[in-house]
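Notes follow the structure.
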Amino acid sequence: MQLVEWSSGAAAPRTIQAEFEIDSWEETVYDEPAEGPKQTKIVIRKTYRGALEGTGVAEVLTAQAAAGAGYVASERIDATLEGRKGTFVIQHGGLADGEDQSTFGTVVPHSGTADLAGLSGRATEASHGVLTLAYTFGAVLADTEG
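Counted from 1, the sequence shown has number 99 at position 100 by numbering that gives the first Met the number 0; the numbering is strictly sequential.
In C-alpha coordinates:
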(Lines of atoms letter the chains of each structure in order from A and count residues from 1; the text may use other names and numbers.)
(Lines give C-alpha, C1' and ligand atoms only; values in the text may rest on other atoms or scores of the structure.)
Protein backbone atom coordinates (compact mmCIF):
# COMPACT_ATOMS: atom_id res chain seq x y z
CA MET A 1 0.00 0.00 0.00
CA GLN A 2 1.12 3.53 -0.62
CA LEU A 3 -0.22 7.03 -0.10
CA VAL A 4 -2.06 8.47 -3.08
CA GLU A 5 -3.38 12.03 -3.27
CA TRP A 6 -7.19 12.33 -3.36
CA SER A 7 -6.88 15.65 -5.15
CA SER A 8 -3.99 17.81 -6.27
CA GLY A 9 -2.94 20.75 -4.13
CA ALA A 10 -3.79 21.51 -0.54
CA ALA A 11 -7.38 22.57 -0.06
CA ALA A 12 -8.47 24.99 2.61
CA PRO A 13 -10.50 23.32 5.36
CA ARG A 14 -14.26 23.39 4.90
CA THR A 15 -16.48 23.80 7.98
CA ILE A 16 -19.95 22.32 8.37
CA GLN A 17 -22.44 22.03 11.18
CA ALA A 18 -24.78 19.09 11.70
CA GLU A 19 -27.52 18.75 14.28
CA PHE A 20 -27.76 15.45 16.10
CA GLU A 21 -30.30 13.68 18.26
CA ILE A 22 -29.42 11.07 20.85
CA ASP A 23 -31.38 7.91 20.02
CA SER A 24 -30.15 5.79 22.92
CA TRP A 25 -28.00 6.20 26.05
CA GLU A 26 -26.80 3.04 27.82
CA GLU A 27 -24.88 4.03 30.96
CA THR A 28 -22.94 1.73 33.29
CA VAL A 29 -21.29 3.00 36.47
CA TYR A 30 -17.92 1.32 36.93
CA ASP A 31 -16.56 3.35 39.87
CA GLU A 32 -18.61 5.20 42.48
CA PRO A 33 -16.38 6.05 45.44
CA ALA A 34 -17.69 7.46 48.73
CA GLU A 35 -15.84 10.68 47.86
CA GLY A 36 -14.86 12.01 44.46
CA PRO A 37 -16.26 11.75 40.97
CA LYS A 38 -18.39 8.88 39.76
CA GLN A 39 -16.99 7.19 36.63
CA THR A 40 -19.20 5.73 33.93
CA LYS A 41 -19.07 4.04 30.55
CA ILE A 42 -21.82 5.07 28.14
CA VAL A 43 -22.78 3.77 24.69
CA ILE A 44 -24.53 6.56 22.80
CA ARG A 45 -26.31 6.17 19.45
CA LYS A 46 -27.03 9.32 17.44
CA THR A 47 -28.75 10.47 14.27
CA TYR A 48 -27.09 13.35 12.36
CA ARG A 49 -28.95 15.80 10.11
CA GLY A 50 -27.75 18.65 7.93
CA ALA A 51 -24.46 18.70 6.02
CA LEU A 52 -23.71 15.34 7.72
CA GLU A 53 -26.59 12.84 7.30
CA GLY A 54 -26.42 9.47 9.02
CA THR A 55 -25.79 7.73 12.31
CA GLY A 56 -23.08 7.52 14.95
CA VAL A 57 -22.24 5.15 17.76
CA ALA A 58 -19.90 6.32 20.52
CA GLU A 59 -18.28 4.60 23.47
CA VAL A 60 -17.81 7.26 26.14
CA LEU A 61 -15.92 7.30 29.45
CA THR A 62 -16.96 9.98 31.94
CA ALA A 63 -15.94 11.39 35.30
CA GLN A 64 -18.87 13.19 36.97
CA ALA A 65 -18.18 15.33 40.03
CA ALA A 66 -20.68 17.52 41.90
CA ALA A 67 -19.74 20.69 40.02
CA GLY A 68 -17.73 19.43 37.06
CA ALA A 69 -17.39 16.65 34.55
CA GLY A 70 -15.20 15.32 31.77
CA TYR A 71 -15.50 12.76 29.01
CA VAL A 72 -13.48 11.05 26.30
CA ALA A 73 -15.07 9.14 23.43
CA SER A 74 -14.45 7.20 20.26
CA GLU A 75 -17.32 7.55 17.77
CA ARG A 76 -17.83 5.79 14.44
CA ILE A 77 -20.00 7.79 12.08
CA ASP A 78 -21.73 6.16 9.08
CA ALA A 79 -22.99 9.03 6.98
CA THR A 80 -23.03 11.14 3.88
CA LEU A 81 -20.89 14.26 4.22
CA GLU A 82 -21.92 16.81 1.60
CA GLY A 83 -22.61 14.10 -0.98
CA ARG A 84 -19.79 11.68 -0.03
CA LYS A 85 -20.88 8.42 1.64
CA GLY A 86 -18.77 6.30 3.98
CA THR A 87 -17.67 5.92 7.57
CA PHE A 88 -15.05 7.60 9.76
CA VAL A 89 -14.06 7.74 13.42
CA ILE A 90 -13.79 10.82 15.62
CA GLN A 91 -12.04 10.72 18.97
CA HIS A 92 -13.39 13.55 21.09
CA GLY A 93 -13.77 14.80 24.62
CA GLY A 94 -14.90 17.64 26.79
CA LEU A 95 -14.66 19.31 30.17
CA ALA A 96 -17.17 21.33 32.18
CA ASP A 97 -16.64 23.17 35.46
CA GLY A 98 -20.25 24.03 36.24
CA GLU A 99 -20.11 27.36 34.38
CA ASP A 100 -18.13 26.83 31.18
CA GLN A 101 -17.53 23.86 28.93
CA SER A 102 -15.02 23.08 26.21
CA THR A 103 -14.91 20.25 23.70
CA PHE A 104 -12.29 18.93 21.32
CA GLY A 105 -12.11 16.21 18.71
CA THR A 106 -10.08 14.87 15.82
CA VAL A 107 -10.88 12.57 12.91
CA VAL A 108 -8.72 9.45 13.40
CA PRO A 109 -6.16 9.45 10.55
CA HIS A 110 -7.00 7.01 7.73
CA SER A 111 -10.28 5.98 9.38
CA GLY A 112 -12.40 7.18 6.44
CA THR A 113 -13.92 4.54 4.15
CA ALA A 114 -15.48 4.59 0.66
CA ASP A 115 -16.06 8.19 -0.50
CA LEU A 116 -14.77 9.50 2.86
CA ALA A 117 -11.30 7.94 2.46
CA GLY A 118 -8.66 10.60 3.09
CA LEU A 119 -10.89 12.63 5.42
CA SER A 120 -9.09 14.57 8.14
CA GLY A 121 -10.39 17.22 10.45
CA ARG A 122 -11.27 18.64 13.84
CA ALA A 123 -14.63 18.44 15.60
CA THR A 124 -16.27 20.42 18.40
CA GLU A 125 -19.68 20.62 20.01
CA ALA A 126 -19.98 24.37 20.57
CA SER A 127 -23.67 24.16 21.41
CA HIS A 128 -25.71 21.22 22.67
CA GLY A 129 -26.80 18.94 19.85
CA VAL A 130 -24.66 20.54 17.12
CA LEU A 131 -21.42 19.04 15.77
CA THR A 132 -19.03 21.43 14.02
CA LEU A 133 -16.55 19.69 11.71
CA ALA A 134 -13.68 21.49 9.96
CA TYR A 135 -12.37 19.01 7.39
CA THR A 136 -10.26 18.40 4.30
CA PHE A 137 -9.57 15.45 2.04
CA GLY A 138 -5.95 14.50 1.50
CA ALA A 139 -3.81 11.42 1.09
CA VAL A 140 -5.56 8.06 1.04
CA LEU A 141 -4.20 4.54 1.29
CA ALA A 142 -4.53 2.71 -2.00
CA ASP A 143 -3.77 -0.90 -2.86
CA THR A 144 -1.13 -0.76 -5.59
CA GLU A 145 -0.54 -4.48 -6.16
CA GLY A 146 0.48 -5.57 -9.61
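Note that the Cβ used here is the ideal one computed from N, Cα and C, for glycine as well.
Exercise. Look up A122 in the DSSP assignment and say whether it is helix, strand or coil.
Key: For A122, the secondary structure class from DSSP, reduced to helix, strand or coil, is strand.
Quiz item: Between P32 and the ligand SAH, is the CB less than 7 Å from at least one heavy atom?
Solution: In terms of ligand content, the structure shown is empty, and the ligand SAH therefore cannot be addressed.
Quiz item: Cα separation between I15 and A50?
Solution: Distance from the CA atom of I15 to the CA atom of A50, rounded to whole angstroms, is 6 Å.
Quiz item: By DSSP, does A113 sit in helix, in strand, or in coil?
Solution: In the structure shown, A113 falls within a helical segment according to DSSP collapsed to helix, strand and coil.
Quiz item: Per DSSP, Y29 is paired with what?
Solution: In the DSSP assignment, Y29 forms no beta bridge with any residue.
Practice problem: Quick one: give me the first and last residue of the beta strand (DSSP E) that A78 is part of. | Solution: Segment 68-80, the beta strand (DSSP E) holding A78.
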